[in-house]
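For the record, the sequence lines run as chains U, L and H. The numbers in the working numbering rise by one with no breaks, and the one at position 202 of the first sequence is 202. The numbers in the working numbering rise by one with no breaks, and the one at position 152 of the second sequence is 1152. The numbers in the working numbering rise by one with no breaks, and the one at position 154 of the third sequence is 2154. Backbone N, C-alpha and C define an ideal beta-carbon position, used for all residues, glycine too. Here the structure is a predicted model, which means the values were calculated and not measured. This report refers to the structure that appears directly beneath it.
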Amino acid sequence: MSIRLGELATRFGCELIGDPDVVVRRVASLDGATGDSVSFLANPAMKDELLATRAAAVILRSDDAADSPVGALISDNPYATYARVAAALHPEPTVEPGVHPAAVVAEDAEIDPAARIDAGAVVAGGARIAAGTWIGPRSYIGPGCVIGAGTRLVAGVTFVRDVIMGERCVIQPGAVIGADGFGNALAPEGWIKVPQLGGVRVGSDVEVGANSTIDCGALDDTVIEDGVRIDNLCMIAHNVHVGAHTAMAGMTGIAGSVRIGKRCMFGGKSGSVGHVSICDDVVVLGKCMITKDITEPGTYVSSFPQELARDWKRTVARVRALGRLFDRVSKLEKS
Amino acid sequence: MSIRLGELATRFGCELIGDPDVVVRRVASLDGATGDSVSFLANPAMKDELLATRAAAVILRSDDAADSPVGALISDNPYATYARVAAALHPEPTVEPGVHPAAVVAEDAEIDPAARIDAGAVVAGGARIAAGTWIGPRSYIGPGCVIGAGTRLVAGVTFVRDVIMGERCVIQPGAVIGADGFGNALAPEGWIKVPQLGGVRVGSDVEVGANSTIDCGALDDTVIEDGVRIDNLCMIAHNVHVGAHTAMAGMTGIAGSVRIGKRCMFGGKSGSVGHVSICDDVVVLGKCMITKDITEPGTYVSSFPQELARDWKRTVARVRALGRLFDRVSKLEKS
Amino acid sequence: MSIRLGELATRFGCELIGDPDVVVRRVASLDGATGDSVSFLANPAMKDELLATRAAAVILRSDDAADSPVGALISDNPYATYARVAAALHPEPTVEPGVHPAAVVAEDAEIDPAARIDAGAVVAGGARIAAGTWIGPRSYIGPGCVIGAGTRLVAGVTFVRDVIMGERCVIQPGAVIGADGFGNALAPEGWIKVPQLGGVRVGSDVEVGANSTIDCGALDDTVIEDGVRIDNLCMIAHNVHVGAHTAMAGMTGIAGSVRIGKRCMFGGKSGSVGHVSICDDVVVLGKCMITKDITEPGTYVSSFPQELARDWKRTVARVRALGRLFDRVSKLEKS
């Protein structure tokens, strides 16, 4: 896609310093940019790369504009403006409607004529798929699933059953939504499976990463609100409720019936035990496991930074000897 | 399914307080229940919901029966009884036998006429699939696999090769059983792949969660005994042996050659380093990594609960300063 | 495959103690071996099994040769020699070339006549697949992917787009390579997707485990160098660079833009936060999360071994009371 800098400035509300008639065709990193590229500066540590860039223009804050050796698109939020410019220059492929001859669609599935069902996909009876939705190759849509307009299942995605999803979602390959939750009752003869009868309700503008899983609810539904972002290899157990615009980095795991507020952020490998409640605007740092309710916004953590093994071994030994140390200090205080 | 309360009481060995001729059609949560629903009380914290429920009857312990405003099905183990009642009211769909025209089955695979092979499934030569077994859409059954009666592979499941599985198992979507274990020998030119020649033996009544993996053994088989429950995104490495009725919550990871006893429970994100032995009846709490043998039943843990980042930073600094603190206390003791 | 011991000795550079004309047909563990098997001793703890073995010959170090009750193949690196002998006795199945009639291959994909495309696989336009490469059942190869000679995608593998892969790689089932990285910019209306425009470049002799994910780069490529070994359920985020011959055990997670050196080893469930740099020859023990640059080779760790829950509870309480303990010691020092 070719766009004039002046048009980018108008469309995305930036002040342009430079020639509005320069045409750009792509986005690039500061040091990978050429004369037809737009780049961005969001991180002050990249100032050296800015000074040397050959981009046509750089999206940056007004404070940094004087340092740009090339054109400048001034934005209060350069990374968000960059995201919009990148989407304009590199648009998603248009969805060519139709059902591939190597797809298998049940007779009573409702496929909008403007939807696309790719090769190897299987759509079960009772599923409903809206206009502009793209069911990628080798995906499976089970009974009772309803998928809103403009949603894309990239490839090899599985919606087991009763997944109700909004518009403009992106589901990466290997994601499994609507599998049975882990419900088991202990009886003398062993575990008895507790039937998982709820579904999954997913809002609009949600992204789910590759090989992540979101289980159906036991009785009520599992709920993912609008704008939630879930990275790869995450697990959302049955009856979890994730508030709008919450983001979870890779390998986050949320156990059953957890209620998460809006605009929370979970670092990689973080998670929560079951049945806790986490309020809005909580940041959970990487690897931290939440073990009790959080009622105050803030940043939470529970992990140690790495040490050399020989040093750490001593640290562990000292932590284990803390009981004796407390006793020794008490004895000193008494004497 | 419609069932009289009296029949439920008889079938599942409960005392019924209430009208045996009331007909119920579904299970529901205490507060979501209507007059045709059965609910349950397993958690005393739900007493308020019990008092307000509109269910036809509630499954509960005899101690709680007086608090039920509606009918009561008395059980020593309400959750297990609930699981059985739910399965009776919401039976699994019957397996309609047959091979879908869009499945690909090798000529020398043995498919029982009462088995079902769904659209997009591929079954390799030499596989044997018993009566009542349901190979879900887009699943792959590799050479040498033998699957017992009444087992269900929900969708998109991969059995790579030489997986011998019992009866009535449920394998959730995306699970991969029988992939190569992670065997690598270091040589001057880099890693050499160690051929993985064993298979996987899985007992009966086993459930494996979505996107979990169970690798084949290096020489001998990886073994999962009867009644084991494995949640989503778990990993069982080569030559692990999991004892009967052990349960693993999501993201549990067991490294190679670990031997786990019967009736163990692993919390979410827990795991074990390789080559350790864990006795029967061990509970491993969430996120705990087992690093040495466990020879006594009990509950094991190694993780810290979350703290606010500013508090935790101080905690970490103090832990790292412990060496000096021990020295200071020794000095005080000498003086 | 049948091979004389003498031929194994010659081919793999071992000294043979024993009859060169004995024919062996398989490898086996020391205690599972029969007279047509070769076994190995790499771990001194297995000496008892060595003394009782019925193998035809055992691969071992010269120091251990006197303890072998049967033939001995002397090697400085018995495990690597074993890996080579096992591959000779149990060769991978030959790739029978051709496109299965139930595969779907785009007209403008370039498939070498000596490649194999299995049932249910889908290959998109513009993909190029070299001789001897085996695209297993139900795999998907997206646009712009180029796969070198002799590589095997076992089954159900997804290459989303623009994956450039070398020769002799093995990709286990469910792996997803080239999905979008987790790029999101925060704007007043919520998260905006940052288009992910880079690809993934993978060297030769790389193995990727079941259900692992390697994301495409945001602008530049994600890079996996030659000889890297990645186990199951690992995640490599966008723009990570993994140096040659680095190995990662199961559930390792590397966040975006991390640069990892050559010959590193990551234990199970370990990982790194984003944007850090890890030098060559670093060992990260299981569950350790790297949170800052590592510039010196060595072994790093940050996790505690398990304790009984009642002991651990006290340890956690003491760690949290450390602030007061430091104060008490200071007070003692002053008095």
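Close partners of F1326 (chain L) in chain U (Cβ separation under 7 Å): R318, L325.
Residue pairing for S39 (chain U): DSSP places it in a beta bridge opposite U:V58. In chain order, V282, V283, V284, L285, C288, I290, I294 place their CB closer than 8 Å to the CB of Y300 (chain U), counting only its own chain and leaving out the 5 sequence neighbours on each side. Using a CB distance cut-off of 8 Å, C2288 (chain H) counts as an interface residue toward chain U. Closer than 8 Å at the C-beta level to chain H, one finds no residue of the stretch 189-202 of chain U. Boundaries of the beta strand (DSSP E) around G2071 (chain H): 2071-2074. In the assembly as shown, R1084 (chain L) is a buried residue. Its beta-carbon has 16 or more other beta-carbons within 10 Å. Contact annotation, R1161 (chain L) with P1143 (chain L): C-beta distance approximately 5 Å; criterion of less than 8 Å satisfied. The C-beta distance from G2271 (chain H) to I2260 (chain H) rounds to 11 Å, too long to meet the 8 Å contact threshold. Looking at U:V58, U:D180, U:C216, U:L197, the one whose alpha-carbon comes closest to that of Q1172 (chain L) is U:D180.
Sequence-distant partners of V2240 (chain H) (beyond 5 residues in either direction) whose C-beta falls short of 6 Å from its own C-beta, in its chain, are T2222, I2254, V2258. Put simply, the CB of E2096 (chain H) is far from chain L, with every gap to its CB atoms at 8 Å or more.
When beta bridges are read from the DSSP output, L186 (chain U) appears opposite U:W191.
Here P1091 (chain L) has M1001 as same chain residues with Cβ atoms under 7 Å from its own Cβ, once five neighbours each way along the sequence are excluded. Residues of the same chain with a CB within less than 8 Å of the CB of C1279 (chain L), apart from the 5 flanking positions on each side, are G1261, I1294, T1295, E1296, P1297 in chain order.
At a cut-off of 8 Å between C-beta atoms, F2182 (chain H) counts as an interface residue with respect to chain U. Scanning chain H for C-beta atoms nearer than 8 Å to the C-beta of A1255 (chain L) yields A2249, G2250, G2268, G2286, reported in chain order.
Closer than 8 Å at the C-beta level to chain H, one finds these residues of the stretch 233-245 of chain U: L233, A244, H245.
Taking the C-beta atoms as reference points, I224 (chain U) is found no nearer than 8 Å to S212 (chain U). For T213 (chain U), no alpha helix (DSSP H) run applies; the uninterrupted beta strand (DSSP E) run containing it begins and ends at 213-215, by DSSP. Within the stretch 2107-2181 of chain H, the beta strand (DSSP E) runs of at least 3 residues that lie entirely inside it are, in chain order, 2163-2165, 2176-2179. No residue range can be given for E1296 (chain L), since it is assigned to no alpha helix (DSSP H) and is classified by DSSP as neither H nor E. The DSSP-derived three-state label of S1330 (chain L) is helix. Linking V1122 (chain L) to I2117 (chain H) through their CA atoms gives a straight-line distance of about 13 Å.
For S2277 (chain H), no Cβ of chain U is located within less than 8 Å of the residue's own Cβ.
Non-local beta-carbon contacts of A2149 (chain H) in its own chain, meaning distances under 7 Å to residues more than five positions away in sequence, involve A2130, A2131, G2132, T2133, E2167 in chain order. Contact check for R1025 (chain L) and L1089 (chain L): beta-carbon distance about 7 Å, within the 8 Å limit, so the pair qualifies. The Cβ atoms of T1081 (chain L) and R1054 (chain L) do not sit closer than 8 Å to each other. Linking M165 (chain U) to P93 (chain U) through their CA atoms gives a straight-line distance of about 21 Å. Taking 8 Å as the CB threshold, R1061 (chain L) stays off the interface with chain U.
Selection L:D1048, L:V1027, L:Y1079 evaluated against L219 (chain U) yields L:V1027 as nearest (Cα-Cα). If the five residues before and after R2263 (chain H) are omitted, its C-beta is found closer than 8 Å to the C-beta atoms of G2243, A2244, H2245, T2246, D2280, D2281, all from its own chain and listed in chain order. Around the CB of S1330 (chain L), fewer than 16 other CB atoms lie within 10 Å, so the residue is classed as exposed. The beta carbon of E167 (chain U) does not come within 8 Å of any beta carbon belonging to chain H, so the residue lies off that interface. Among the residues of chain H, those whose CB is under 7 Å from the CB of F1304 (chain L) are V2316, following chain order. Cβ-Cβ distances below 8 Å link E2307 (chain H) to T2315 in the same chain, with the five nearest sequence neighbours on each side left out; the list follows chain order.
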